[in-house]
Amino acid sequence: MSRKLLLEHIDKPGIRGLEAYRANGGYRSVEKALKSMSPEAVLEEVKKSGLRGRGGAGFPTGMKWSFLAKPEGVPRYLVVNADESEPGTFKDRYLMEKIPHLLIEGIIPSCFAMGANTSYIYIRGEYFYVARILEQAIAEAYAAGWLGKNILGSGFDLDVHVHTGAGAYICGEETALLESLEGKRGNPRIKPPFPAVKGLYGRPTVVNNVETICAVVPIVNDGGEEYAKIGVGRSTGTKLISAGGHINKPGVYEIELGVPVEEFLNSDEYCGGVSGGRPLKACIPGGSSVPILPAELLFRTAKFETRLMTYESLSDGGFQTGSMLGSGGFYVFNDTACIVRSTWNHSRFYHHESCGQCSPCREGTGWMEKILYRFEHGLARTDDIDLLWDVQRRIEGNTICPFGDAAAWPVAAAIRHFRDEFEYHATHPTKVKDPKHFEKEPMKRVERSYAG
Amino acid sequence: MEHANRPHNATEGVAPFIFTEEALAECRTIIGRYPADHSKSAMLPLLHIAQTENKGWLSVPAMDAVAKLLQIQYIEVYEVATFYSMYNLHPMGKHVLEVCHTVPCMLRGADDVVAHIEKRLGIKPGGTTEDGLFSLKTVECLGSCGTAPMLQCGAKYHEHLTPEKVDDLIEKLRMQPERDNYTDR
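As they're listed, the protein sequences go chains A and B.
Mapping to our numbering: the first sequence position 414 is 414, numbers consecutive.
Each number in our numbering comes from the position in the second sequence (counting from 1) with 1000 added on.
Put into structure tokens, the structure is as follows:
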């Protein structure tokens, strides 16, 4: 049984309210940080913990905080990124809905460490009812003196506000989020300057994912070293994985980083195996933006090492034979799924969500969607595969923000690992016109060898 | 594209928009959350309120009212309203069924849900029934992949959908007097 740091109390009755949350040890980290630690000491614990950003990029949190500029007399901000929109990811919603005080608790020592007196939780507009739950919890926290002026007599003031977005995936990118929070279109900014120097209203700002901020609570409570004991190598602590797709038990699972992928997929403690008793075809382990892994590369790397749920192991082999842990949106395809159809679906998503600033992304995502539409509807020729490859190659690295890369990677990986399926679509136009073609007659898969 | 001259975009002859006292009070609370010289930050939440007050869509007068409240140029509101997918720029049905059709939902049968609603209501995604009761929209990932397939109607998520559940929901909504809004006002 994996250790639970974030979800330990999630099933306790009434845990959404302050009373039950407090009765289960809630807000201990605030007492500890504000009464017995200095801001530098809190930062030091976070650095020692090895905590890495849980939103997708995996950047060390302590380092991010230490970059924060501290000019005299200029307010600093912590902005919590709750704009969870990466397809396949729903862990932050689960946390905020079930145990909203955990996030509010995490914000307090985090802001204390940064010297920030205002924090905004930018939550996606669709999660309106979750925003209401958070607002309720914030009101309780104010009433009990956990927020507001002079918290616990420490002289530290903190205000927390919820800000609702309005349905734009791009606002999950930190600078687009800041633009949006300023009441503008969500167009990402050119970096540098980084938000740590010029963020919200041009002032020093840290943007962190919900889960990252929640993880600060056990780090302050038990110490960074204790947290770093969990996990493997540079992947420390626990991580929430949102499991979905063709599995028997979809849901949010907290794992100790380092659980073998095979165990995560097949054990009853987690996903409970591939649904329908069908063979596994592929898996996207970290949200729609990361490369898809075919079955033969999911449990073992190309070097025949056991693949683990860690940042390093999942990216072992680079993009040739690896993927990424990303945001932990783990979704599985059995043999009735069509990779071309899902890649078309992903491209449609990216085309819809591109902010339109950079032409490679604005135009490229549209072209990819159109070419993939042709494949899926029996209108493509075999040499369109090379055309598609060419388009995706020209997006990656040529845009202001990583959205372009995120749009290109799934297409590249699909062609790399499932070229035979694209060829099948080009050569069997009448068969693939039926949208359920592989559901009716799964395609015979030839396991490829990736050795050497 | 949405703001070419179409009947619903006219500035003359359209219903004027005035915030109710109650809505105005909520707007002022929201504006108070941001530094005094950055009240434009309240734009997105305010547009949500305006949309709720305006029967689920943002007319030009509604957007202009937000601009006046925030003391900014009209265009600053228009450019934002056209960027975000939750703002409707033309009149919508009373109940908007937004079905998620991104891959994790697709793998668990979202296409069948869309097809079922299409057949049941006789409309395609983007359409509204003749009686103005229902609109159907397909939307991208709503963060409910573990409970797929799902749809959103107003602020509510309806999860683990089956054709029977969709039918029940449609019948329930047909009898419901109030409109479903993103905000719970």
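C-beta atoms are modelled at their ideal positions from N, C-alpha and C, and glycine is treated no differently.
task: Take A/Q320 and list the residues in its own chain whose beta-carbon comes closer than 6 Å to its own, dropping the five residues that flank it on each side.
output: The residue labelled residue 320 of chain A in the question sits at position 320 within the first sequence. By the criterion of a C-beta distance shorter than 6 Å, A/Q320 is surrounded by no residue of its chain, once the five residues flanking it on both sides are discounted.
query: Name the DSSP bridge partner or partners of A/P461?
result: No answer is possible for residue 461 of chain A: it lies beyond the span of chain A, which begins at 1 and ends at 452.
- request: Kindly list, in the order they appear in chain A, the residues whose Cβ is closer than 8 Å to that of B/P1091.
  value: Taking the first residue of the second sequence as 1, we reach residue 1091 of chain B at position 91. Against chain A, a Cβ distance below 8 Å from B/P1091 picks out nothing, because the smallest value is about 18 Å.
Nearest to A/E40 (by Cα), restricted to the options A/M114, A/D434 and A/S347: Here the question's residue 40 of chain A lines up with position 40 in the first sequence. Residue A/M114 is the option with its Cα nearest to A/E40.
- prompt: Between A/F333 and A/A282, which are expected to be in contact by the criterion C-beta below 8 Å, what is the C-beta distance as a whole number of angstroms?
  reply: Here residue 333 of chain A is taken as the residue at index 333 of the first sequence, counted from 1. Here residue 282 of chain A is taken as the residue at index 282 of the first sequence, counted from 1. With 8 Å as the limit, A/F333 and A/A282 qualify as a contact, their Cβ atoms being about 5 Å apart.
query: DSSP state of A/G329, grouped into three classes?
result: Residue 329 of chain A sits at position 329 when you count from the first residue of the first sequence. In the structure shown, A/G329 falls within a strand segment according to DSSP collapsed to helix, strand and coil.
message: I'd like the list of long-range same chain contacts for B/D1184, defined as Cβ closer than 7 Å, with 5 residues on each side in sequence excluded.
response: If you number the second sequence from 1, residue 1184 of chain B lands on position 184. Cβ neighbours of B/D1184 beyond the five flanking positions: A1155.
- request: Using a threshold of 9 Å, state whether the C-beta atoms of A/L158 and A/T118 are closer than that.
  value: Numbered from 1 along the first sequence, position 158 holds the residue referred to as residue 158 of chain A. Numbered from 1 along the first sequence, position 118 holds the residue referred to as residue 118 of chain A. The answer is yes: Cβ separation under 9 Å.
- prompt: Taking all protein chains shown into account, do 16 or more other C-beta atoms lie within 10 angstroms of the C-beta of A/P294, making it buried, or fewer, making it exposed?
  reply: The residue given as residue 294 of chain A occupies position 294 in the first sequence. Flag for A/P294 reads buried.
field: Boundaries of the beta strand (DSSP E) in which A/L240 is found, first to last residue
entry: For this step, residue 240 of chain A is matched to residue 240 along the first sequence. Element bounds for A/L240: T238 to G245.
message: Please report the distance separating the alpha-carbon of B/L1151 from that of A/K239.
response: Here residue 1151 of chain B corresponds to residue number 151 of the second sequence, with the count starting at 1. Here residue 239 of chain A corresponds to residue number 239 of the first sequence, with the count starting at 1. Rounded to whole angstroms, the gap between the alpha carbons of B/L1151 and A/K239 is 28 Å.
query: Quick one: which chain D residues come within Cβ less than 9 Å of B/E1140?
result: Absent here is chain D; the protein component of the structure consists of chains A and B.
task: Express the C-alpha separation of A/E179 and A/R185 in angstroms, rounding to a whole number.
output: Locating residue 185 of chain A in the first sequence gives position 185, counting from the first residue. Locating residue 179 of chain A in the first sequence gives position 179, counting from the first residue. Rounded to the nearest angstrom, the two C-alpha atoms are 7 Å apart.
field: Residue-level contact to chain A via CB, B/T1102, 9 Å cutoff
entry: Taking the second sequence and counting its residues from 1, the one referred to as residue 1102 of chain B is at position 102. True, the Cβ-Cβ gap to chain A drops below 9 Å.
Range covered by the beta strand (DSSP E) that runs through B/L1136: Along the second sequence, read from residue 1 onward, the residue named residue 1136 of chain B stands at position 136. F1134 to V1139 is the extent of the beta strand (DSSP E) around B/L1136.
field: Three-state secondary structure (DSSP) of A/D11
entry: By one-based count along the first sequence, residue 11 of chain A stands at place 11. A/D11: coil per DSSP, three-state reduction.
message: Short of 8 Å in beta carbon distance, which residues of its chain neighbour B/P1061, apart from the five on each side in sequence? Order them along the chain.
response: On the second sequence, residue 1061 of chain B is found 61 positions in, with the first residue counted as 1. T1011, V1014, A1015, P1016 and F1017.
- request: Give the straight-line distance between the Cα atoms of A/L308 and A/V232, rounded to the nearest whole angstrom.
  value: Counting from one through the first sequence, the residue named residue 308 of chain A turns up at place 308. Counting from one through the first sequence, the residue named residue 232 of chain A turns up at place 232. Each residue's alpha carbon lies about 9 Å from the other.
field: Validate contact between the segment 1069-1089 of chain B and the segment 1111-1123 of chain B using beta carbons, cut 8 Å, 3 pairs
entry: Counting Cβ pairs under 8 Å, fewer than three are found: no touch.
- request: Go to A/T61, then tell me how far its alpha helix (DSSP H) extends in each direction, as first and last residue.
  value: On the first sequence, position 61 is the one that residue 61 of chain A refers to. Per DSSP, the continuous alpha helix (DSSP H) segment holding A/T61 begins and ends at T61 to S66.
message: Within a Cβ cutoff of 6 Å, which residues of the same chain sit near A/L388, ignoring the five residues on either side of it in sequence?
response: Residue mapping note: residue 388 of chain A aligns to position 388 of the first sequence, counting from 1. Apart from the 5 residues on each side of it in sequence, A/L388 sits with its Cβ closer than 6 Å to the Cβ of I371 in its chain, given in chain order.
task: Thinking A/E421 and A/I339 are a contact (beta carbons under 8 Å), I'd like their distance in whole angstroms, please.
output: Residue 421 of chain A sits at position 421 when you count from the first residue of the first sequence. Residue 339 of chain A sits at position 339 when you count from the first residue of the first sequence. A Cβ-Cβ separation of about 5 Å places A/E421 in contact with A/I339 under the 8 Å criterion.
query: B/G1127 touches chain A at which residues, Cβ-Cβ below 8 Å?
result: Counting from 1 along the second sequence, the entry for residue 1127 of chain B is found at position 127. Within 8 Å Cβ-Cβ: nothing; B/G1127 doesn't reach chain A, min ~18 Å.
- prompt: Looking at the C-beta of A/L181, does it have a partner C-beta in chain B at a distance below 9 Å?
  reply: Sequence index remark: in the first sequence, residue 181 of chain A carries index 181 (1-based). Yes, because at least one Cβ of chain B sits closer than 9 Å to the Cβ of A/L181.
- prompt: For A/H163, which three-state DSSP category applies?
  reply: In the first sequence, residue 163 of chain A corresponds to position 163, counting from 1. For A/H163, the three-state secondary structure derived from DSSP is strand.
query: Helix, strand or coil for A/N24 per DSSP?
result: Taking the first residue of the first sequence as position 1, residue 24 of chain A is located at position 24. The three-state secondary structure of A/N24, taken from DSSP, is coil.
field: B/L1095 - containing beta strand (DSSP E), residue span
entry: As a position in the second sequence, residue 1095 of chain B is number 95, starting the count at 1. The sequence as given places His at residue 1095 of chain B; Leu does not occur at that position. It spans H1095 to C1100 - the beta strand (DSSP E) in which B/H1095 sits, taken as one unbroken run.
message: Quick check on the burial criterion: 16 or more other C-beta atoms within 10 angstroms. Buried or exposed for A/R3?
response: Position 3 of the first sequence, counted from the first residue, corresponds to residue 3 of chain A. By the 10 Å Cβ count, A/R3 comes out exposed.
Integer Cβ distance of A/H437 from A/K444, believed to fall under 8 Å: Taking the first residue of the first sequence as position 1, residue 437 of chain A is located at position 437. Taking the first residue of the first sequence as position 1, residue 444 of chain A is located at position 444. 13 Å between Cβ atoms; not a contact.
message: What does the Cβ neighbour count give for A/I292, buried or exposed, with the cut at 16 atoms within 10 Å?
response: Indexing the first sequence from 1 puts residue 292 of chain A at position 292. Counting of Cβ neighbours within 10 angstroms places A/I292 among the buried residues, the total reaching 16 or more.
field: Beta-carbon proximity of B/E1140 to A/H352, cut-off 9 Å
entry: As a first step, residue 1140 of chain B must be located in the second sequence, where it is residue number 140. As a first step, residue 352 of chain A must be located in the first sequence, where it is residue number 352. Yes, the pair counts as a contact, with Cβ atoms nearer than the cut-off.
Three-pair Cβ contact test at 8 Å for the segment 98-117 of chain A versus the segment 224-231 of chain A: No contact exists between the segment 98-117 of chain A and the segment 224-231 of chain A.
message: Can you find the residues in the same chain that come closer than 7 Å, C-beta to C-beta, to A/C361, ignoring five residues on each side of it along the sequence?
response: Reading the first sequence from its first residue, position 361 is the one you call residue 361 of chain A. Cβ contact annotation for A/C361 (same chain, cutoff 7 Å, sequence separation greater than five): S354, I395, T399, F403, G404 and A407, in chain order.
field: Neighbour flag for B/Q1152 against chain A, beta carbons, 9 Å
entry: Reading the second sequence from its first residue, position 152 is the one you call residue 1152 of chain B. It does: the Cβ of B/Q1152 has a partner Cβ on chain A nearer than 9 Å.
- request: Determine, using beta-carbon pairs with one atom in the segment 190-210 of chain A and one in the segment 58-78 of chain A, whether at least three such pairs fall under 8 Å.
  value: Using a Cβ-Cβ distance cut-off of 8 Å, the segment 190-210 of chain A and the segment 58-78 of chain A are in contact, since at least three pairs of beta carbons, one from each stretch, lie closer than that value.
message: Using beta carbons (cut-off 9 Å, strictly below), is B/C1145 in contact with chain A?
response: Counted from its first residue, the second sequence places residue 1145 of chain B at position 145. So, interface residue.
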